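Engineer:
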Amino acid sequence: MQYFKGITQFFMLISEEHIHSQSFGLNLNVLDTNIINLAILLSLLFYVGKQAISSILEGRQQKVLNSLQEAEERQQQASTRLKEAQTQLAQTQLIISEIKKEAESTAQQVRESTFNQGKLDIERLVASGKASIITAEMQVKKKLLQQVASLALERVSTQLKSEISSEMQSNIIDENIASLGGSL
281 MQYFKGITQF FMLISEEHIH SQSFGLNLNV LDTNIINLAI LLSLLFYVGK QAISSILEGR
341 QQKVLNSLQE AEERQQQAST RLKEAQTQLA QTQLIISEIK KEAESTAQQV RESTFNQGKL
401 DIERLVASGK ASIITAEMQV KKKLLQQVAS LALERVSTQL KSEISSEMQS NIIDENIASL
461 GGSL
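281 is the number of the first residue of the sequence shown in this note's numbering; add one for each residue after it.
(1) Suppose contacts are defined by Cβ-Cβ distances below 9 Å. Is I452 in contact with I444 by that definition?
(2) Assuming S347 is part of the alpha helix (DSSP H), what are its boundary residues?
(3) Can you give me the C-alpha to C-alpha distance between S335 and L369, rounded to a whole angstrom?
(4) What separation, rounded to the nearest whole angstrom, lies between the Cα atoms of I333 and L318?
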């Protein structure tokens, strides 16, 4: 307020000097200075400018409100997508944990199956080995018996040849034929 008083006093001093000195100064005669015309012109400019500025500001305000509304909608959509993504992530993690459990279960079953199959294979190999050993023992026994019998026959034959004469051989043959039921 004092600022305006100071300015008013300054203009009053200048106008008084102008009146007395006829040089540069301020003319306070309202009709002489066209202050009324200027006031009308300024009022008209203010009225028209106010409408133009008001319409521009209203348009700008509407754009800002629209932008805010669009931003809120995008934010809501982003929130919805985030919730959906979090739900999908949770479901995916559940599926992954189920797959891991199934994989561990399957691996355990495969281990047990492989162990059991290996055990059966070992038992089969042991049984087959035992059967092979028994068969080999029987073959060896059979060969040994054949060799023993063959050696015994050779020995008996050799002893007979050395101890029995041809007369004794003829008598033995005749006795055997007689025991069979016939005579010569």
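Just so it is clear, CB atoms sit at the ideal spot from N, CA and C, and this is done for glycine as well.
Predicted, not measured: the structure shown is a model, and the values here were computed from it.
Structural biologist: Reading off the structure:
(1) Along the sequence shown, read from residue 1 onward, the residue named residue 452 stands at position 172. Along the sequence shown, read from residue 1 onward, the residue named residue 444 stands at position 164. Against a cut-off of 9 Å, the Cβ pair of I444 and I452 comes out as a contact.
(2) Position 67 of the sequence shown holds residue 347. Looking at the DSSP string, the run of the alpha helix (DSSP H) that includes S347 is 315-443.
(3) Position 55 of the sequence shown, counted from the first residue, corresponds to residue 335. Position 89 of the sequence shown, counted from the first residue, corresponds to residue 369. C-alpha separation (whole angstroms): 50 Å.
(4) For the purposes of this step, residue 333 is identified with residue 53 of the sequence shown, where counting begins at 1. For the purposes of this step, residue 318 is identified with residue 38 of the sequence shown, where counting begins at 1. Cα to Cα, I333 sits roughly 21 Å from L318.
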